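Residue numbers (our numbering), protein chains in the order written: chain S, -13 to 443; chain G, 528 to 567.
Each remark here refers to the structure printed beneath this line.
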Amino acid sequence: MSVARLAGRLRAGELSPREAVESYLERIDACRELNAYISVRAERALAEAASPPPGPLHGVPIAVKDVVDVAGERTTAASRILADAKPAARDAAVVERLRAAGAIVLGKLNLHEFAYGPLTTSPHFGPARNPWSPDRSCGGSSGGSGAAAAADLAAGTLGTDTAGSIRIPACLCGVTGVRPSIGLVSNLGVLPVSWTFDTVGPIARSAEDCSLLLEAIAPEYRSGLGEGARGLRVGAVEHLFARADARVAAVVEAALRDLPATVERVDGSAFDHAGIVQQLVMLPEASAFHLPWLRTRLADYGADVRARLLAGLALPATAYPTGLRARRWLEEKVRPLFERYDVLAAPTMPVVAPRIGEEAVELNGRSVPFRQALIAFNSPWSCLGLPVVSVPCGFVDGLPVGLALVGRRFEDATALRAAHAFQVATDWHERRPERDAPGFAVEAPKSYTKDTSPTRE
Amino acid sequence: MACQGVEPSGEDLRAVLAFLEAVLPDLERLEALLPPETAL
């Protein structure tokens, strides 16, 4: 059930916070095959459900990626290195704010080890599985958040995004995700990947739900969903449509026709170097943070994360200042685009979810490493700190496709307005995984009423 | 890198070299493109 609807029913007294928590705990238990959760705080969540604070999220059960501190719980980052870490002494700032708004934390969600990869295939905690097809990846690094939102294992979730880690799983799992503007949401109490690019944001069922969660975690954010999208000028970034799988591009093209705004084609070549610019800054920062463990626990990293962290150490010293300078240069190059357009649009991802274990994907007849295929679609926005909303907009081979809507920095409300207007006009965000998907049974969405909660039937 | 008891394996080093081979030409191109007046 959506955050908005559940919060309404809780406010109306149609359901108690305890009943809501119990229903989700039963569902989490029934969907263990997805491996979306690393830890479930069943007893504590039930105890907290006795008297959650009043607020817009009063009694709403949520879950957070396991790089976000929750007082009394371990933050494992899906790593062997932190698997036995001491429990966090205090909540991350975002958790503190969610609790103050009345939310109840159900548990902590699976991710790519140390949030440093796009697949959520931790060798230490196992892969999270895509509710649309359990042999497929749910993307990453916030893969557990995407899977939990899609399979209704929490009303809403938090992920983090450095170079795509909210947008990728939101897109591949057919749910809505927001990478907020850099600086809008506090990173305090969140394990870093790259200080320059890290953000915390919601993954949930709809733009409306994400907006509610963002209002709770970002004191400066004010929702403008009611304003609609009429009058917004949207630029569809042409070269990203050309680079995506032709079937994915066709789905996103069709979706643009449902966006109630003025849409024009734009040349996005100003963003051409964003991928390398982000790598030059992100890799040294990640390696700097991990240096103590690289010295003492090297063998305890998964192979892919270890290789990227070592690569960050091997870059020449000129790479980092060049990356920072180039970021400034890019900001100047793209400024004219945002003078003309309120929102840019593109496919969130060029492909649908790959099979678990596949390192390469077919992209218009070529085999391309999965991670490399994504860079051109993710880095332009994260490199410049822009807000991005990914909304589900159709299917290819029964797997979800996403539309990315990008706003000016700190105009997160505008990107969410466009996303909400799209969801008012369409119902892609209401589609759920089949009840009898091969190999995994995802139950139909629940109807939380006092008398007919399906978990009590 | 000073590792305490654990050294990168041959496979690790091959992965790092492959990454550098992919990235260094891009870095050089970017350095050539950047206007000298672009500050940090």
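Cβ atoms here follow ideal geometry from the backbone N, Cα and C, with glycine treated the same way.
These numbers come from a predicted model, not from an experiment.
| query | result |
| --- | --- |
| Same chain only: Cβ atoms within 8 Å of Leu301 of chain S, ignoring 5 sequence neighbours per side | Leu266, Leu269, Pro270 |
| Chain G contact residues for His259 of chain S, given Cβ-Cβ distances below 9 Å | Asp553, Arg556, Leu557, Leu560 |
| Min CB distance Trp414 of chain S to chain G below 8 Å | no |
| Beta-carbon proximity of Val171 of chain S to Val161 of chain S, cut-off 8 Å | no |
| Distance CB(Tyr102 of chain S)-CB(Arg311 of chain S) smaller than 8 Å | no |
| N- and C-terminal bounds of the alpha helix (DSSP H) containing Val381 of chain S | Reading the sequence as shown, one finds Phe at residue 381 of chain S and not Val. First-last for Phe381 of chain S: 374 to 382, but that is the beta strand (DSSP E), not the alpha helix (DSSP H). |
| heavy atom of the ligand FAD below 7 Å from Ala71 of chain S C-beta | Ligands displayed in this structure: none; no statement on the ligand FAD is therefore possible. |
| Val(-11) of chain S, buried or exposed, once every other Cβ within 10 Å from all chains shown has been counted against 16 | buried |
| Under 7 Å by beta carbon: chain G residues contacting Gln265 of chain S | Val550 |
| Distance between Ile262 of chain S and Val550 of chain G (C-alpha atoms, nearest Å) | 7 Å |
| Pro307 of chain S: contacting residues in chain G (beta-carbon distance under 7 Å) | Leu567 |
| Residues of its chain near Ala390 of chain S, where Cβ-Cβ distance is below 6 Å and the 5 sequence neighbours each way are ignored | Ala332, Thr334, Val374, Ser376 |
| Within-8 Å CB hit, Leu296 of chain S to chain G | yes |
| Closest residue to Gly142 of chain S among S:Glu0, S:Ala190, S:Gly88, S:Asp383 (Cα-Cα distance) | S:Ala190 |
| Length of the line joining the Cα atoms of Val252 of chain S and Val50 of chain S | 36 Å |
| Lys72 of chain S classed as buried or exposed, judged by whether at least 16 other C-beta atoms fall within 10 angstroms | exposed |
| Cβ distance (whole Å) where Leu211 of chain S is taken to contact Ser197 of chain S below 8 Å | 6 Å |
| Top-ranked residue by Cα proximity to Pro109 of chain S, from S:Leu139, S:Ile90, S:Leu158, S:Ser65 | S:Ser65 |
| Identity of the residues DSSP links to Glu250 of chain S by a beta bridge | S:Gly221 |
| Candidates S:Ala6, S:Thr106, S:Ala79, S:Ala86, of which the one nearest Leu20 of chain S by Cα | S:Thr106 |
| Cutoff 8 Å: Ile361 of chain S Cβ touching any chain G Cβ | no |
| Spatially closest choice to Arg417 of chain S from S:Ala135, S:Leu11, S:Thr182, by CA coordinates | S:Ala135 |
| Reference Arg18 of chain S; option with closest CA among S:Arg233, S:Gly371, S:Val7, S:Leu95 | S:Leu95 |
| Asp138 of chain S beta carbon less than 8 Å from that of Arg216 of chain S | no |
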